[in-house]
Amino acid sequence: MFSRDQVLELMRERVHHPAGMRELLQILKVPREERTSFKRHVKNLVSSGDLIQIRGHRFGLPEKMDLYVGRLQTHPGGYGFVTPERPLDNGGDIYISGPYLNEAMHGDRVVVRIERVKEGGRVEGRIIRILERSNASIVGRYDRDENGMGYVAPFDRRVLMDIFVPPGQEGGASPREMVVVELTRWPTATRGAIGHVTQVLGDIDAPGVDTEIIIRKYGIPDEHSRDAVAEAVRLGTQVAERDTRGRSDFRGLPTVTIDGEHARDFDDAITIEKLANGNYWLGVHIADVSHYVQEGSALDREAYERGTSVYFPERAVHMFPLPRPRIMAAAPARAVVLHGGRSARPGRPARVPRRRDQQRRADDLHGGERHPDGSRSGADEAVRAARPDVRADARAVPDPERCAPAPRLD
């Protein structure tokens, strides 16, 4: 039984020119009972770009036909570059002039034929096939031409063509409003792209519309999966007694967040305590995500896919849904960025690297410790009122040369 990789390897070893299916079956000596499977593998290899189908229903390897597969990056000036998946001999990209783009759009995965190598080593090519379309949805400004025909001018200037919107497909959009248009027909040599409006974002100057444009332009996921939401709901917003077991309790110490009062995340807090020897003990409390978000869970998988929260001037797109877990940030390093129910709010457990060894006298400071922390943050109180006191304490710290060394957190 042939596998996909075996078919490709046999093609590399035995097929030295583009060949039709019947010739391939003969050259590779494919048994009759395996021919259906072989043809299916060839079809899949063509779809992936590992094989190229040319005129006469012949199949060949791109490297033996001076062809390259890669992603197209277009320029507002009307030309583009393809970054080949199989590197060129001299490295670099393949330049594609406007007439040779052949209806390909920014981000498409394409097949390129080398046309010439110019003096200086610049490689120029022509797109001969589009393997994979990238822009199923496009953000742009809806408008109508002098004949009343609707179209969307893409916000991303690298998308070099307007999208025609037939009557009744404008989704309630008015001229000059920003919209999301879904392509229903890709452009060809004789026809332009056609689509229908799926979402009206509003006037580009309206508050918040610029953020919506960026979210959709870069495909930032703005909704959470049902599994992740259900998991967050099960976690709830209250700290159970079991969550405090095995944690050092610092709730008796005044603790303030170091995030501003208008921050969207409260995941760090500090305590400062003056010691008998005149030195100061600084407790840094970092909200602990690993207690609630377990490896392999729906929340963990979604956070892995997103990679990070994304922040805008007036809002944030978070890795986790509401209601948020109560303990944030994976030990032993920096906090995972979130806000609300899973942040360093009053009473929520956290992690703290301590500068004081609890087994020694308070004036015998050496290195640092990590403590699963049950500190009580003053985040819900007036942080602005707390900050002058913190700064006043910081000014009162003795000469650094007479203070204990900074803790090692590695």
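Here this note's numbering = 1-based position in the sequence shown + 17.
Glycine included, each C-beta is placed from N, C-alpha and C at the ideal position.
Assignment of H58 by DSSP, reduced to helix, strand and coil, places it in the helix class. Counting other Cβ atoms within 10 Å of its Cβ, Y159 reaches 16 or more and is therefore classed as buried. A straight line joining the alpha-carbon of I145 with that of R21 spans about 24 angstroms. T53 and E40 have their C-alpha atoms roughly 15 angstroms apart.
With distances taken between CA atoms, H58 lies nearest to M38 out of M38, G73 and G219. Looking at the DSSP output, K291 shares a beta bridge with Y297. The three-state reading of DSSP puts L148 in strand, counting E and B together.
Membership of L41 in the alpha helix (DSSP H) is indicated by the continuous run M38 to I44. The Cβ neighbour count for G269, taken over all protein chains shown within 10 Å, is under 16; the residue is labelled exposed. Q43 and V32 have their C-alpha atoms some 11 angstroms from each other. A buried status is given to T288, since no fewer than 16 other beta-carbon atoms sit within 10 Å of its beta-carbon. About 14 angstroms separates the Cβ atoms of D125 and I111, ruling out a contact at the 8 angstroms cut-off. Going by C-alpha positions, E290 is about 5 angstroms away from W298. Nearest Cα to G97 within the set V24, N164 and Y117: Y117.
Contact between the stretch 232-241 and the stretch 184-194 is absent, with fewer than three C-beta pairs closer than 8 angstroms. The beta carbon of L25 is closer than 7 angstroms to those of L62 and D67 in its chain, skipping five residues each way along the sequence. The shortest CA-to-CA distance from L200 to any of G157, P104, L27 and I231 is the one to G157. Around the CB of P93, fewer than 16 other CB atoms lie within 10 Å, so the residue is classed as exposed.
Per DSSP, L78 is not a residue of any beta strand (DSSP E), being assigned neither H nor E. Residues of the same chain with a CB within less than 6 angstroms of the CB of D317, apart from the 5 flanking positions on each side, are V310 in chain order.
Collapsing the DSSP output to three states places I275 in coil. A210: member of the beta strand (DSSP E) spanning A210 to D220, first to last residue. C-alpha of G167 to C-alpha of D260: approximately 58 angstroms in a straight line. Per the DSSP secondary-structure output, Q90 pairs in a beta bridge with F98.
Runs of beta strand (DSSP E) with 3 or more residues, each lying fully within the stretch 93-143, are found at 97-101, 111-113 and 126-134, listed in chain order. If you ignore the 5 residues before and after V198, its C-beta comes within less than 6 angstroms of the C-beta of I155, V169, I180, G212 and V214, all in its own chain and listed in chain order.
Counting along the chain, V196 sits inside no alpha helix (DSSP H); it lies in the beta strand (DSSP E) bounded by residues E194 to R202. Rounded to whole angstroms, the gap between the alpha carbons of E258 and F283 is 22 angstroms. At the C-beta level, N164 and M122 stay beyond 7 angstroms of one another. Selection A293, S307 and V273 evaluated against V301 yields V273 as nearest (Cα-Cα). Only residues of its own chain outside the window of five on either side were considered, and among them R130 and I131 have a CB closer than 7 angstroms to the CB of D83, listed in chain order. A206 sits away from M178, with the two beta carbons spaced by 7 angstroms or more.
CA-to-CA, the gap between D285 and A304 works out to about 6 angstroms. For R72 and R103, the gap between their C-alpha atoms comes out near 23 angstroms.
Around the beta carbon of I230, 16 or more other beta carbons lie within 10 angstroms, which makes this residue buried. L89 is positioned such that its CB atom lies closer than 7 angstroms to that of V127.
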